[in-house]
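J.: So the number in the UniProt record's numbering is just where the residue sits in the sequence shown, counting from 1, plus 243. Heads up, the beta-carbon is just placed ideally off N, CA and C, and yes, glycines get one too. Owing to the predicted nature of the structure, the values given are computational and were not obtained by experimental measurement. Before anything else, here's the structure in question.
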Amino acid sequence: EKGTYPHYMLKEIDEQPAVIRKIIQTYRNEQGELTIDREIIDAVNEADRIYIIAAGTSYHAGLVGKQFMEKMAKIPVEVHISSEFGYNLPLLSKKPLFIFISQSGETADSRSVLVKVKELGYPALTITNVPGSTLSREADFTLLLHAGPEIAVASTKAYTAQIAVLAVLAEVTAKSNGIDIGFDLSHELGLVANAMDVLCDSKELIEIISREFLSTTRNCFFIGRGLDYYVCLEGALKLKEISYIQAEGFAGGELKHGTIALIEDGTPVVALATQEKVNLSIRGNVKEVVARGANPCIISMQGLNMDEDSFVLPEVHELLTPLISVVPLQLLAYYASLHRGCDVDKPRNLAKSVTVE
Ligand code: F6R
């Protein structure tokens, strides 16, 4: 039940720190180490390549998961949109493992890929919030998100839970191969949960920013590089689906290859700057759009922040920034929807689980 909250979405945004803590607790053994069933880790280690299959927000989590698996566990990963994969089958590696990411575990586009994968005889792991869901039952293995029921159509806590579970999977796989990832993931996830608490207490500022940038605009762009780019895709999807503002996420460097033509006087451009190695280049992209009249909103992280920034995130490990940079974007979308009089929890034309192809 949503209790004192006006909307499920706001409640579910606020539940994110508790969900991260629950994931740490659930995936940690008595010795305090993160652990996952041996048979799952064996399946990951037997694979020469992982194929992540998902739709919408879960696809966006998959893009972040690819970075974790490649950077921590050194296993190559491809990420595919379910509805494209079926008729656009890539040339598969010799020993693929398929990972299906699905909050509901019922998405028909993903299920049809799973059916095909099983026909071909390949192993499959489902990462889902719903035990006993179709994708969980039909795959060989399941990892649960432990996010609790997600009621709002716009996915929030499932996205951060998916990213956290993918991080755990990458860390445990790395450890099983004697790879030192160079940091203590459960400790860093604890810091992420604390940072999320701070963000959930900063709603007033985000509401003001949302009112200023989004209450009357027709469109909005999100730009970022590296992990920030993937979070921009998610931020844009959140905004589109609940506020009906045309929003797109772009890789900062791609702007000049076309999209910058869309920038007019006052066009809102949200820029994420949480990655040290691209901090200056993304700020260069902000200057390019400002020179064409854009209204910039820079969301940076402590340690990388500058005077021009609208919002500064608490510092977390550079690989884990998507878990916290998405929170202000979820809140921006929430308040935009609210200020524009839209139905926050049940946006038009959308269903919580998409059970048709
Ligand atoms: C966006 C959203 C959708 C779902 C997508 C996949 O907020 O909720 O994009 O992420 O329909 O759903 P699941 O994860 O249930 O397979």
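#1: On the CB-based measure, 16 or more other CB atoms within 10 Å of its CB, does T459 come out buried or exposed?
#2: How many whole angstroms separate the CB atoms of S376 and E349, which I take to be in contact at a CB cut-off of 8 Å?
#3: Let me confirm a value: R380 is counted as buried when at least 16 other C-beta atoms fall within 10 Å, else exposed. Which label applies?
#4: Is T371 near L388, with beta carbons less than 8 Å apart?
#5: Quickly, what does DSSP pair residue 226 with across the bridge? List them, please.
#6: Look at Y294 and H323 and say whether their C-beta atoms are less than 8 Å apart.
#7: Quick one, which of V435, A395 and A397 has its alpha-carbon nearest I406's?
#8: Quick one: grab the DSSP three-state call for V358.
#9: Suppose you measure from the CA of C463 to the CA of K483; what does that come to, to the nearest Å?
#10: Using the beta-carbon count (16 or more within 10 Å), is F426 buried or exposed?
#11: So does the stretch 491-509 actually touch the stretch 444-453, counting three or more Cβ pairs closer than 8 Å?
#12: Quick check on F415: buried or exposed, where buried means 16 or more other Cβ atoms within 10 Å of its Cβ?
#13: Pick from D291, N272, L480 and V532: whose alpha carbon is nearest that of A576?
#14: So for F343, helix, strand or coil by DSSP?
#15: Helix, strand or coil, according to DSSP, for Y330 in the structure here?
#16: In chain order, what residues of the same chain lie with their CB nearer than 7 Å to the CB of G546, ignoring the 5 residues before and after it?
#17: Mapping the DSSP letters down to three states, classify Q545 as helix, strand or coil.
#18: DSSP three-state call for N288: helix, strand or coil?
#19: Looking at the structure shown, is I506 part of a helix, part of a strand, or coil, going by DSSP?
#20: Going by DSSP, what residues sit across from R271 in a beta bridge?
#21: From which residue to which residue does the beta strand (DSSP E) around L434 run?
#22: Identify the continuous beta strand (DSSP E) that holds I324 and give its terminal residues.
#23: One question on the structure: do S353 and A401 come within less than 8 Å of each other, judged by their Cβ atoms?
#24: So V512 is in the beta strand (DSSP E); what residue range does that whole segment cover?
#25: How far does the alpha helix (DSSP H) with N522 in it reach, from first residue to last?
#26: Assuming D552 and I567 are in contact, meaning their beta carbons sit under 8 Å apart, how far apart are those beta carbons, in whole angstroms?
#27: Can you look up Y294 in the DSSP assignment and give me helix, strand or coil?
#28: Specify, as a first and last residue, the run of the alpha helix (DSSP H) that T371 falls within.
#29: Comparing the CB of S353 with every heavy atom of the ligand F6R, is any distance shorter than 7 Å?
#30: Going by DSSP, what residue range makes up the alpha helix (DSSP H) through I256?
#31: Secondary structure at P392, three-state DSSP: helix, strand or coil?
#32: Can you name the start and end residues of the alpha helix (DSSP H) that V599 belongs to?
#33: Would you say Q489 touches the ligand F6R, meaning its beta carbon is less than 7 Å from a heavy atom?
#34: Could you pull the start and end residues of the alpha helix (DSSP H) that E450 belongs to?
#35: With DSSP collapsed to three states, give me the class of G492.
#36: Could you check the C-alpha separation between T369 and Y487 for me, to the nearest Å?
T.: Walking through what the data contain:
#1: Within the sequence shown, numbered from 1, the residue matching residue 459 stands at position 216. That one is exposed.
#2: As a first step, residue 376 must be located in the sequence shown, where it is residue number 133. As a first step, residue 349 must be located in the sequence shown, where it is residue number 106. Confirmed, about 6 Å.
#3: What you label residue 380 is simply residue 137 of the sequence shown in a count that begins at 1. Classification of R380: exposed, given that the 10 Å Cβ count is below 16.
#4: The residue given as residue 371 occupies position 128 in the sequence shown. The residue given as residue 388 occupies position 145 in the sequence shown. Their beta carbons are under 8 Å apart, which means T371 touches L388 by this criterion.
#5: A query on residue 226 cannot be resolved here, the shown segment of the chain reaching from 244 to 600 and no further.
#6: Start at 1 with the first residue of the sequence shown, and residue 294 comes out as number 51. Start at 1 with the first residue of the sequence shown, and residue 323 comes out as number 80. In contact: Y294 and H323 (Cβ atoms closer than 8 Å).
#7: Start at 1 with the first residue of the sequence shown, and residue 406 comes out as number 163. That would be V435, whose Cα lies nearest to the Cα of I406.
#8: Within the sequence shown, the letter at position 115 stands for residue 358. Here V358 sits in helix by DSSP.
#9: The residue given as residue 463 occupies position 220 in the sequence shown. The residue given as residue 483 occupies position 240 in the sequence shown. Those two C-alpha atoms are separated by around 9 Å.
#10: Within the sequence shown, residue 426 is the residue found at index 183, counting from 1. F426 comes out exposed.
#11: no
#12: Position 172 of the sequence shown, counted from the start, is the residue given in the question as residue 415. First, the residue type needs correcting, since residue 415 is Val and not Phe in the sequence shown. Buried.
#13: Taking the sequence shown and counting its residues from 1, one reaches residue 576 at position 333. Among D291, N272, L480 and V532, the Cα nearest to that of A576 is on L480.
#14: Taking the sequence shown and counting its residues from 1, the one referred to as residue 343 is at position 100. Strand.
#15: Counting from one through the sequence shown, the residue named residue 330 turns up at place 87. DSSP places Y330 in coil when its eight states are reduced to three.
#16: Taking the sequence shown and counting its residues from 1, one reaches residue 546 at position 303. Excluding residues within five positions, the ones whose Cβ falls inside 7 Å are E558.
#17: If you number the sequence shown from 1, residue 545 lands on position 302. Reduced to three states, the DSSP call for Q545 is coil.
#18: Indexing the sequence shown from 1 puts residue 288 at position 45. Looking at N288 - three-state DSSP - the assignment turns out to be helix.
#19: The sequence position of residue 506 within the sequence shown is 263, counting from 1. I506: coil per DSSP, three-state reduction.
#20: Here residue 271 refers to the residue found at position 28 when the sequence shown is read from its first residue. Looking at the DSSP assignment, R271 forms a beta bridge with L277.
#21: The residue labelled residue 434 in the question sits at position 191 within the sequence shown. Boundaries around L434 are those of the alpha helix (DSSP H), L428 to C443, since no beta strand (DSSP E) includes it.
#22: Translated into the one-based positions of the sequence shown, residue 324 becomes position 81. Counting along the chain, the beta strand (DSSP E) containing I324 begins and ends at V320 to I324.
#23: For the purposes of this step, residue 353 is identified with residue 110 of the sequence shown, where counting begins at 1. For the purposes of this step, residue 401 is identified with residue 158 of the sequence shown, where counting begins at 1. No, these two residues do not count as a Cβ contact at 8 Å.
#24: In the sequence shown, counting from the first residue as 1, residue 512 sits at position 269. Its beta strand (DSSP E) spans residues P511 to A516.
#25: On the sequence shown, position 279 is the one that residue 522 refers to. Here the alpha helix (DSSP H) through N522 covers N522 to A534.
#26: The residue labelled residue 552 in the question sits at position 309 within the sequence shown. The residue labelled residue 567 in the question sits at position 324 within the sequence shown. Contact check for D552 and I567: beta-carbon distance about 15 Å, past the 8 Å limit, so the pair fails to qualify.
#27: Within the sequence shown, the letter at position 51 stands for residue 294. Strand.
#28: Along the sequence shown, read from residue 1 onward, the residue named residue 371 stands at position 128. Premise fails: T371 lies in the beta strand (DSSP E), A367 to T371, not in any alpha helix (DSSP H).
#29: Counting from 1 along the sequence shown, the entry for residue 353 is found at position 110. Correct: S353 has its Cβ closer than 7 Å to the ligand F6R.
#30: Start at 1 with the first residue of the sequence shown, and residue 256 comes out as number 13. Where I256 is concerned, the enclosing alpha helix (DSSP H) stretches over Y251 to D257.
#31: The residue you call residue 392 lines up with position 149 of the sequence shown. Of the three classes helix, strand and coil, the one that applies to P392 here is coil, per DSSP.
#32: For the purposes of this step, residue 599 is taken as residue 356 along the sequence shown, with counting starting at 1. Careful: V599 lies outside any alpha helix (DSSP H) and carries neither H nor E.
#33: Translated into positions along the sequence shown, residue 489 becomes position 246. Q489: no, Cβ never under 7 Å from the ligand F6R.
#34: For the purposes of this step, residue 450 is identified with residue 207 of the sequence shown, where counting begins at 1. E450 -> alpha helix (DSSP H) spans K446 to L457.
#35: As a working note, residue 492 is residue 249 in the sequence shown. Correct three-state label for G492: strand.
#36: Mapped onto the sequence shown, residue 369 falls at position 126. Mapped onto the sequence shown, residue 487 falls at position 244. So the two alpha carbons sit approximately 31 Å from each other.
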